[in-house]
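Please read the structure below before turning to the comments.
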Amino acid sequence: MKRKLVSTWVAVVFIAGLMAVTLVPAASAAELTLSHMAPAGSILDKQLSAWAEKVKKDSNGKLNIRLFPGATLINPVETFSGVEKGIADMGSSYRYSRAGAELTGLISMYLAGVPDSATGSRIVAEIWKNFPEFRKEWETVKVLWVNSSGPAVVATTKPVRTMADLKGLELRVPVPEAADALKLLGGTPVSMTSADMVIGMKKGTVHGGLVFKEAIESFKLPVKYVTEFGMYQSCNWFLVMNLNSWNKLSPDLQKVIEDSLAWGRNESIKAFDAADASAVEYGKKEGMEFIKLSAEENAKWFEIVDGNNRKHAAALDAKGYPATKVLEFVNKIRGQK
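According to my numbering, the sequence shown is numbered sequentially starting from 3.
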């Protein structure tokens with residue numbers, strides 16, 4: 003009888019133990035998906051991979067982030083909306099769509115003349131801190147970080163040392179505000195993708211375009227000259243997370259992510275500037291000439307681009323945005339360290 007009671011007690015304890023293991027909350031360990039547009043093995047892909055590894059290590063292996071590089075899960079244009087919908091838990095790309103992001107889109111133009119991602123990202127952080135209207139355009143997701151790209155420069159088959167040299171050049175531009183600025187400077191804007199620009203240059207139908215420096219290397223652009231005036235920067239390279247995915251995480255795992263963000267954003271900024279530096283080195287090896295405008299010429303270009311920005315800011319002001327205030331704020335702090 004005693005043996006039977008003991009056996010029964012052991013069985014109860016064993017079953018209870020199994021139940022205890024089964025009932026451990028799922029949030030104590032998790033795998034998240036991260037879709038991004040950078041090619042596998044690129045500087046930006048390596049940066050995001052390093053951040054994911056840091057999160058895994060800091061969570062003692064409880065939180066694993068599975069990367070899908072090269073837009074293999076969501077295409078670049080739809081990454082933000084794809085994360086909103088939960089197609090991926092996280093996503094990294096640019097805010098291509100202006101829907102719900104009109105101020106965000108125009109701020110990119112305000113970064114004309116800014117030399118690098120480090121400077122542009124400092125300015126973006128100050129705008130984020132001081133203008134709730136900017137933050138409001140991102141409230142449908144959990145923002146992990148936002149930083150700027152490097153400058154979009156003038157990459158061409160013919161040298162551009164003054165505004166007069168732009169006359170007759172057909173150049174690829176990605177957004178209407180940049181097209182307006184290029185017209186005012188004397189060039190002829192053509193709307194097309196970076197990939198189509200490469201084809202167009204080989205056929206001789208376009209002379210180059212406004213591109214981020216890193217594209218010179220990543221797209222192997224057949225250009226001979228690069229005029230290093232930054233027409234704009236993208237202010238909105240992001241890493242964001244689906245709100246439901248965020249809320250499902252346990253507080254301890256949320257804290258691990260929060261604690262990693264300053265490091266991750268700083269590494270993202272360094273990755274952009276490293277990619278640009280690599281592109282310059284690549285270009286010089288390929289025989290490209292990198293042209294710096296004279297101080298006088300640079301001031302002329304900036305005056306025209308800034309005037310164009312003020313025109314577009316006024317149009318956005320009429321819709322209730324503080325667009326001109328943001329532009330004046332950017333111009334006030336752009337030279338600060």
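Using N, Cα and C, we set each Cβ at its ideal position, and we do this for glycine too.
- In the DSSP annotation of this structure, the continuous segment of the beta strand (DSSP E) that includes I293 starts and ends at E291 to I293.
- Between Q49 and E269 a beta carbon distance of about 5 Å is seen, short of the 8 Å cut, so the two are scored as contacting.
- The C-beta of S296 has fewer than 16 other C-beta atoms within 10 Å across all chains shown, which makes the residue exposed.
- In this model, F274 and L46 are separated by some 7 Å (Cα to Cα).
- For the pair V200 and F221, the CB atoms are nearer than the 7 Å cut-off.
- A distance below 7 Å between beta-carbons, with the five flanking residues on each side excluded, links R100 to the following residues of its chain, in chain order: G107.
- One Cα belongs to Q235, the other to A183, and the distance between them is close to 14 Å.
- In this structure, S119 sits near G152, with a CB-CB distance shorter than 7 Å.
- In terms of Cα proximity to T207, the closest of R174, E141 and I125 is R174.
- Unbroken beta strand (DSSP E) runs of no fewer than 3 residues, entirely contained in the region 166 to 235, are found at 172 to 175, 190 to 193, 210 to 214 and 227 to 229, following chain order.
- Using a Cβ-Cβ distance cut-off of 8 Å, the region 142 to 158 and the region 302 to 315 are not in contact, since fewer than three pairs of beta carbons, one from each stretch, lie closer than that value.
- Taking the CA atoms as reference points, P41 sits about 39 Å from G322.
- With respect to the C-alpha of G93, the residue from S150, I67, M111 and G115 having the closest C-alpha is I67.
- A Cβ-Cβ distance of about 16 Å is found for the pair A90 and R97, leaving them out of contact under the 8 Å criterion.
- C-alpha of W130 to C-alpha of R137: approximately 6 Å in a straight line.
- By the neighbour-count criterion, in which 16 or more other beta carbons inside 10 Å mark a residue as buried, W265 falls on the exposed side.
- Burial is judged here by how many other beta carbons sit within 10 angstroms of a residue's own beta carbon; P176 has at least 16 and is buried.
- Assigned with DSSP and collapsed to three states, E33 falls in strand.
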